[in-house]
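Every position in the sequence shown, counted from 1, becomes a number in our numbering once 483 is added.
Glycine included, each C-beta is placed from N, C-alpha and C at the ideal position.
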Amino acid sequence: MFQGLMQQHSLMISSIIEFAERWYPNVEVVSRTTEGPIHRYTYKEMGVRARSIADALQGLGVKPGDRVGTLAWNGYRHMELYFGVSGSQAVLHTINPRLFAEQMAYVINHGGANILFTDLTFVPLLESLADQLEQIEHIVVMTDREHMPATSLSNVQCYEDLIDKGDSSYQWPEFDENSASSMCYTSGTTGNPKGVVYSHRSTLIHAMGSSIPNGLGLSATDTVLLVVPQFHVNSWGVSYAAPMNGCKLVLPGPAMDGASIYELLDQEKCTLSLAVPTVWMMLTGYLRESKAFLPHMKRVVIGGSAVPEAMIRSFEADYDVQVVHAWGMTETSPLGTLNFLMPHLQNLSYDEQMPIKLKQGKSIFGIDIRIVDDEGRSLPHDGSAFGRLQARGHWVTSGYYKAEGDDSIDADGWFETGDVATIDKDGYMMITDRTKDVIKSGGEWISSIEIENLAVGHPDIIEAAVIAVPHPKWDERPLVIAVKEPHSAVDKATLLEFLATNLARWQLPDDVIFVDELPHGATGKLNKLKLRERYGNHQLPGA
Ligand code: AMP
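The following block contains the structure:
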């Protein structure tokens, strides 16, 4: 082999904070704290403290490969752990505090951490779980001495004491880039959650790959409000990508309501933010009520569930903020596809562009996708053939922790996403359903997501879920469960009439139930399992 003569360095997560500290030392990181006040410092200070906490971890006996758990909101101390834990060759296990208690205990025990860092908010939760946590030896409360709570937990330490004990002249080690860097568990809508284990290499390549203009398009001119939680898929990788690009970073802590999010967007002059649709629903509601605008914002990245058309129109027409629709999952680090309009589509009218904007977008370099039929044959990119969506690439899982559920990856490395999708001739992928949510009616498939999107297009419908209900003749038929604006006069007949303008007769739901609220899972997605349990045997009219 004629070998290249270029240097080779391990792709290390610590190199990101080293870079930001050296080249963007004065760029600010602003956090709303659990203690209340807004905290500000710079990447330079973050770098110093990340090294201190890395050194302090060695003092607690943490060795390479050991898991260190976090139960925390988005904030500067969580950022320090992102770099301090992974950078010192330990593995950051971010835990979703919205899981049910038993699931949380399962995830903590299964992950195997001995040390748990927790925000003040979750101390009572940990107290109630203490008996079930099998191997936790130390709990570190992420606060200062003044705010340390009285607690029944044992072996509790204060984060700021650890920082004081740590030596900031700690040197980041270089080691195999394929070493585990962090872990995140899937939401586990069926069965137990499964562990996805990221590596330094996959994390770095994902952060670089997702930053490009066809991706998140991050640059040092951006101020990023990072609403997607650091406890879920490394906040879509932006906890790494923001310092890598020298972005000013704004972290919202525990306050996700419209007023608090608006306050940060406005006061910090944020240009870009990322969140799931539910958060944006709260923000746009607040903006309408308080007649506020977003003069600094350029883009919002929305993913995690399908973006409703009304949300795209509202951001783009009312607030002049571009919507970037994105798809991904825990197993894909998460970025898979992003939606931006290719030049020939930009000449279309806004209404003609809308069906494309509603799609989840195109692959970015580094991750490939395909759709296959039940026999595993690739399906055409014609925008109508739909099949099982599969993904493979540098930042796609090669197997779950402890080899659970490994039948979801085939011999060629294609990972079964569990989504059903179409891909059109321009390569825009559209999720039509989760494999288990699709409604199978008389041999045809009806997309629950399509009906949900249409339903929330009605001005009086706040949120809608569509599930399959057994039917004696058609096997399954769609049922809409919807939340309407208070005092709205919309009823079953008017909603069905509204849906009928965009659906074929056989796709039209058989019934509508109005409820006060819909159940959501730990990552903000509709909990259809719960809805199926509750309404799965609903008696459809005429069935
Ligand atoms: P999670 O691993 O919890 O992040 O969930 C991943 C799943 O969320 C995907 O497999 C999709 O079913 C769903 N999802 C993510 N982004 C979108 C999107 N933009 N539109 C529709 N569904 C999405």
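- The ligand AMP has a heavy atom closer than 8 Å to the beta-carbon of I785.
- Beta-bridge partners of L1012 (DSSP): none assigned.
- For S693, the closest of A613, V606, R560, G811 by C-alpha to C-alpha distance is G811.
- Relative to the Cα of E504, the nearest Cα in the group V531, Q491, G1019 belongs to V531.
- The DSSP-derived three-state label of S756 is strand.
- Less than 9 Å divides the Cβ of E610 from the Cβ of L636.
- For H1003, the secondary structure class from DSSP, reduced to helix, strand or coil, is strand.
- Shown here for V513: same chain residues with a beta carbon closer than 8 Å to its own, the five before and five after excluded, namely I521, H522, R523, K731, L732, V733, L734, L747, E751 in chain order.
- Distances from the CB of A809 to the heavy atoms of the ligand AMP include at least one below 8 Å.
- A distance criterion of 8 Å places the beta-carbon of G901 in contact range of the ligand AMP, judged by its closest non-hydrogen atom.
- Collapsing the DSSP output to three states places Y883 in coil.
- When the beta-carbon positions are compared, A874 and I852 come within less than 9 Å of each other.
- Nearest in C-alpha terms to D644, of all of G910, V804, I929, L540, is L540.
- Shown here for E968: same chain residues with a beta carbon closer than 7 Å to its own, the five before and five after excluded, namely D943, I945 in chain order.
- Taken atom to atom, the span from the alpha-carbon of A725 to that of M495 is near 16 Å.
- Nearest to D659 by alpha-carbon distance, out of G570, Y723, D602, is G570.
- Taken from the Cβ of V804, every heavy atom of the ligand AMP lies 8 Å or farther away.
- Distance from the Cα of P696 is smallest, within the candidate group E899, M825, E792, for M825.
- Collapsing the DSSP output to three states places M912 in a strand.
- Per DSSP, D749 is one residue of the alpha helix (DSSP H) stretching across 741-750.
- One alpha carbon belongs to I892, the other to K885, and they sit about 14 Å apart.
- In the pairwise beta carbon analysis, the stretch 709-719 is classified as not touching the stretch 835-854: fewer than three pairs are separated by under 8 Å.
- Boundaries of the alpha helix (DSSP H) around Y723: 721-727.
- With contacts defined as CB atoms closer than 9 Å, S788 and L582 fail to qualify as a contacting pair.
- Relative to the non-hydrogen atoms of the ligand AMP, the Cβ of T880 never comes closer than 8 Å to any of them.
- With a beta-carbon spacing of about 11 Å, L564 and L554 fall beyond the 8 Å limit used to define contacts.
- Taking non-hydrogen atoms of the ligand AMP into account, the C-beta of M562 is found less than 8 Å away from none of them.
- Each residue's CA atom was taken as its position, placing P737 and H827 some 42 Å apart.
- At least one heavy atom of the ligand AMP lies closer than 8 Å to the C-beta of P817.
- Ranked by Cα distance from P676, the first of Y668, H683, G925 is Y668.
- Contact check for P632 and V624: beta-carbon distance about 7 Å, within the 8 Å limit, so the pair qualifies.
- In this structure, K919 has its CB at a distance of at least 8 Å from all heavy atoms of the ligand AMP.
- Shortest gap from the CB of S722 to any heavy atom of the ligand AMP: 8 Å or more.
- Its Cα nearest to that of E1000, the residue L1014 stands out among Q990, T1006, L1014, D993.
- Contact check between the stretch 534-553 and the stretch 753-772: fewer than three CB pairs, one atom from each, fall below 8 Å, which does not count as touching.
- Rounded to whole angstroms, the Cβ separation of T880 and V679 is 5 Å, and the two are in contact under 8 Å.
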